[in-house]
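K.L.:
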Amino acid sequence: MQVKLNMIVGAVAVVLSGTAMSQELVVKIGHVGPTSGAIAHLGKDNELGARMAIDDLNAKGVTIGGKKAKFELLAEDDAGDPKQGTAAAQKLMDSKVNGVIGHLNSGTSIPASKVYSDAGVPQISPSATNPKFTRNGYKTAFRVVADDVHLGGTLGKYAVKELKGKSIAVIDDRTAYGQGVADEFEKGVKGAGGKVVGREFTNDKATDFTAILTSLKAKKPDVVFFGGMDAVAGPMLRQMKQLGIEAKFMGGDGICSGELPKLAAGTMADNQVVCAEAGGVEGESKKSMDDFKAKFKAKYKADVQIYAPYVYDSVNVMVDAMVKAGSAEPAKYLPVLAKTDGYKGVTGTISFDNKGDIKNGALTLFTYKAGARQQIAVVR
Numbered sequence: 017m018q019v020k021l022n023m024i025v026g027a028v029a030v031v032l033s034g035t036a037m038s039q040e041l042v043v044k045i046g047h048v049g050p051t052s053g054a055i056a057h058l059g060k061d062n063e064l065g066a067r068m069a070i071d072d073l074n075a076k077g078v079t080i081g082g083k084k085a086k087f088e089l090l091a092e093d094d095a096g097d098p099k100q101g102t103a104a105a106q107k108l109m110d111s112k113v114n115g116v117i118g119h120l121n122s123g124t125s126i127p128a129s130k131v132y133s134d135a136g137v138p139q140i141s142p143s144a145t146n147p148k149f150t151r152n153g154y155k156t157a158f159r160v161v162a163d164d165v166h167l168g169g170t171l172g173k174y175a176v177k178e179l180k181g182k183s184i185a186v187i188d189d190r191t192a193y194g195q196g197v198a199d200e201f202e203k204g205v206k207g208a209g210g211k212v213v214g215r216e217f218t219n220d221k222a223t224d225f226t227a228i229l230t231s232l233k234a235k236k237p238d239v240v241f242f243g244g245m246d247a248v249a250g251p252m253l254r255q256m257k258q259l260g261i262e263a264k265f266m267g268g269d270g271i272c273s274g275e276l277p278k279l280a281a282g283t284m285a286d287n288q289v290v291c292a293e294a295g296g297v298e299g300e301s302k303k304s305m306d307d308f309k310a311k312f313k314a315k316y317k318a319d320v321q322i323y324a325p326y327v328y329d330s331v332n333v334m335v336d337a338m339v340k341a342g343s344a345e346p347a348k349y350l351p352v353l354a355k356t357d358g359y360k361g362v363t364g365t366i367s368f369d370n371k372g373d374i375k376n377g378a379l380t381l382f383t384y385k386a387g388a389r390q391q392i393a394v395v396r
C-alpha cells in the first residue's frame, strides 16, 4: 500500500513539475556589436547595456501571455565588418532568437537588416544613424536615436552659426556611417551659408593622415569635420597638432566618446572638439540617465561610453511589446512594437514613426575640457 501511495505521490509531483516547467517561457534576445577591433570599447559598452537590461528583467519577473519569462542574451561580435555582421545575423536566426538589439554601426546594421527582415524578426538598433537603415522598406527595422540627416545637418549649421566657421574642411572614413554623416554635415554648412574649402577621405583602419591634413592645411580651415569613429579621430587630432592646424574639430556620435581624450593622447585643447550624440535628455529625464550611469558604473566598474543606455531602452521597449502582445513570437509582437508610443525610457520618451524611426529624436552637443566630456546643449 505504501509503495502504491509513493508511486501516486511521485506521479503527482511529476505532473506538477511538468506544469510549472510549462509555465516558464524562455525568451532569447540577440545582441550584435563590435566587441573586437578598434572600436571594441564601444561594442562592449553596448553589450553591457543589454546584459544589464536582461538581468533587471529577470530580477523583476515578467509575465508574457500568462507565463513567467526567463530572458537569455545571445551576444555576437561583428567586429564592425559588414560580412561578419551578416554572418552574425544568420547565426542568431539559426538560434531562433525572439528579437535582436543591434548592430552598433550603420555599415553592419544595414546589410544585416535584410537577414532579419527575411526571417520576420524585429531588430532595434541603439546607434545606427545612416538614414538608409530605415528606408529599405523592412518592417522589422527600428532605431531609438535620431538619424544622420538630423545629426549632420545640425552640426553643419552649428559650425557656421555658433563656431563662426568661415573655411570648413570635411574628412570621412568611407563607411556607411562616416560618409553619410559627412554628406549631411556638408549640406548643413551650405544651407547655413557656409563654405566647404576641401573634402578628403581616409578609411576606418587608417593611422596616418599626413597627406590629407597637409593638403587641407594649405586651405587654412578654421573648422575640420570628421565623419568616422573615435579610434581614427584620436590619431587625427594628434597629427593636426603636429602639423600646427589649430582648427576646431567636429564630428558625430562616432567620435563623441569618453575614450577620445585618451586616443588623442593629450593633444586636445579645451573646447577644441565639438561633437553630437544622437539622443539626449533634459529636465526630468536627466535624473533617470544619471541614475542609470551610476548603476552601470557600480555593476561593471566602468563608465558608460555612449550607447549602453540606448541598448538598455531598446531591450525594454522590445519586451514591453511582447508583454502587450501576450507573446514573444516575432510575428505576434512585431505589430505592437511598431505602434510603440510614449514609452518612458532612461533616454527619454520613445515613439516610432511609420518607418521605424524615433519621433522627435534629440541630439546632445558636447565639448571636452580638461580631458572630460561636457554637455553644451540638447537640441531637437
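Heads up: the sequence shown begins at 17 in my numbering, then just goes up one per residue.
Cβ coordinates follow ideal geometry from the N, Cα and C atoms, glycine included.
#1: Are the beta-carbon atoms of aspartate 94 and valine 48 separated by less than 8 Å?
#2: In its own chain, which residues sit with a C-beta less than 7 Å from the C-beta of lysine 60, not counting the 5 before and 5 after it?
#3: Counting pairs of beta carbons, one from the region 375 to 388 and one from the region 295 to 303, are three or more of them closer than 8 Å?
#4: Which one or two residues does DSSP pair with tyrosine 193 in a beta bridge?
#5: Measure the alpha-carbon distance for phenylalanine 149 versus valine 160 and round it to whole angstroms.
#6: Could you please give the first and the last residue of the uninterrupted alpha helix (DSSP H) stretch that includes histidine 166?
#7: Beta carbon of lysine 177, beta carbon of aspartate 238: below 8 Å?
#8: Determine contact between the region 66 to 74 and the region 331 to 346, defined as no fewer than three beta-carbon pairs at a distance below 8 Å.
#9: Keeping to the same chain, check which residues put their C-beta closer than 6 Å to that of threonine 191; ignore five residues upstream and five downstream.
#10: Compute the Euclidean distance between the alpha carbons of leucine 64 and valine 248, then round it to the nearest angstrom.
#11: If I measure Cβ to Cβ from lysine 375 and keep anything under 6 Å in the same chain, skipping five residues before and after, which residues do I get?
#12: Could you check where the beta strand (DSSP E) with glycine 115 kicks off and where it finishes?
#13: Report, in whole angstroms, the separation of the C-beta atoms of glycine 204 and lysine 180, which I expect to be a contact under 8 Å.
#14: Answer yes if the region 141 to 148 comes into contact with the region 321 to 332, meaning at least three C-beta pairs across the two stretches below 8 Å, and no otherwise.
#15: What does a CB cutoff of less than 7 Å around alanine 135 pick up in its chain, not counting 5 residues either side in sequence?
#16: Taking the Cβ atom as the reference point for each residue, do isoleucine 80 and serine 330 lie within a distance shorter than 8 Å?
#17: What residues in its chain sit with their C-beta under 8 Å from that of glycine 169, if we drop five residues either side in the sequence?
#18: Give me whichever residues DSSP pairs with cysteine 272 in a beta bridge.
#19: Is leucine 379 helix, strand or coil by DSSP?
#20: Give the range of the beta strand (DSSP E) segment to which methionine 266 is assigned.
#21: Could you tell me if isoleucine 24 is buried or exposed, where buried requires 16 or more neighbouring beta carbons within 10 angstroms of its beta carbon?
#22: Ignoring anything shorter than 3 residues, give me the beta strand (DSSP E) runs that lie fully in the region 94 to 164, in order along the chain.
#23: How many whole angstroms separate the CB atoms of tyrosine 349 and methionine 284, which I take to be in contact at a CB cut-off of 8 Å?
#24: May I ask which residues mark the beginning and end of the alpha helix (DSSP H) holding lysine 235?
#25: To the nearest angstrom, how far is the alpha carbon of glutamine 255 from that of glutamate 216?
#26: If we ignore side chains and look at the alpha-carbon of each, how far apart do asparagine 146 and valine 186 end up?
#27: From aspartate 306 to glycine 101, what does the alpha carbon distance come to, in whole angstroms?
#28: Please report how far the alpha carbon of glutamate 88 lies from the alpha carbon of glycine 196, in whole angstroms.
#29: Indicate the three-state DSSP secondary structure (helix, strand or coil) for valine 352 in the structure shown.
#30: Excluding the five sequence neighbours on either side, which residues of its own chain have a C-beta within less than 7 Å of the C-beta of histidine 119, listed in chain order?
#31: Which partner residues does glycine 49 have in the DSSP bridge list?
#32: DSSP three-state label for lysine 76, please.
#33: Helix, strand or coil, according to DSSP, for tyrosine 328 in the structure here?
#34: When the Cα of glycine 46 is compared with those of Gln390, Pro346, Lys355 and Thr365, which residue comes out closest?
#35: Considering only the beta carbon of each residue, do phenylalanine 241 and alanine 175 sit closer than 8 Å?
#36: Going along the chain, which residues of its own chain have a beta-carbon closer than 6 Å to the beta-carbon of valine 352, five neighbours each way excluded?
P.N.:
From the atom records:
#1: yes
#2: Thr51
#3: yes
#4: Answer is none; tyrosine 193 lacks a bridge partner.
#5: 12 Å
#6: 164 to 177
#7: no
#8: yes
#9: Gly123 and Asp220
#10: 23 Å
#11: Ser367 and Asp369
#12: 115 to 117
#13: Between lysine 180 and glycine 204 the Cβ distance is about 15 Å, and since that is not below 8 Å, they are no contact.
#14: yes
#15: Met109
#16: no
#17: Glu200, Phe201, Lys203, Gly204 and Gly207
#18: Its beta-bridge partners do not exist; DSSP assigns none.
#19: strand
#20: 264 to 267
#21: Since pLDDT at isoleucine 24 reaches only 44, below the 50 mark, its modelled position is unreliable, and no value is offered.
#22: 115 to 117, 139 to 141 and 157 to 159
#23: Tyrosine 349 to methionine 284, Cβ: 45 Å. No contact.
#24: First-last for lysine 235: undefined, no H or E at that position.
#25: 15 Å
#26: 17 Å
#27: 32 Å
#28: 34 Å
#29: helix
#30: Val48, Gly49, Asp94, Gly101, Ser125, Ala128, Ser141 and Ala144
#31: Asp93
#32: helix
#33: helix
#34: Pro346
#35: yes
#36: Ala337, Lys340 and Ala341
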